[in-house]
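Q:
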Amino acid sequence: KPFEGSGHGTHVASTIVGYNFNNLFLVGGVAPKATIIPVLCLDAWEVPSPE
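One gets the numbering used here by counting positions in the sequence shown from 1 and adding 1183 to each.
1. Can you tell me which of L1207, T1218, E1229, C1224 puts its alpha carbon nearest to the alpha carbon of S1200?
2. Rank V1230, G1192, Y1202, L1207 by C-alpha distance to the C-alpha of P1215 and give the top, closest one.
3. Less than 8 Å between C-beta atoms, sequence neighbours within five positions excluded: which residues of the same chain meet that for T1198?
4. Ends of the alpha helix (DSSP H) at A1196?
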């Protein structure tokens, strides 16, 4: 269940790999050809953990 609730991961991912298709948008990511591997790290109690 890859859901962290705050949207922070989605925000960071779009900042990194956001793709500006045909220059339709005024913004793009800093590494649009990068690959994202979604990972959610949980502790023993299934609580998101930075460790």
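Idealized CB from N, CA, C, for every residue including glycine.
Computed from a predicted structure; not experimentally measured.
A: Let's see:
1. As a first step, residue 1200 must be located in the sequence shown, where it is residue number 17. For clarity, residue 1200 is Val in the given sequence; the question names Ser instead. Of L1207, T1218, E1229, C1224, the residue nearest in Cα terms is T1218.
2. Numbered from its first residue, the sequence shown carries residue 1215 at position 32. With distances taken between CA atoms, P1215 lies nearest to Y1202 out of V1230, G1192, Y1202, L1207.
3. Stepping through the sequence shown from its first residue, residue 1198 is reached at position 15. Counting only Cβ-Cβ distances below 8 Å, and skipping sequence neighbours, we find G1212, V1213.
4. Residue 1196 sits at position 13 when you count from the first residue of the sequence shown. Counting along the chain, the alpha helix (DSSP H) containing A1196 begins and ends at 1191-1200.
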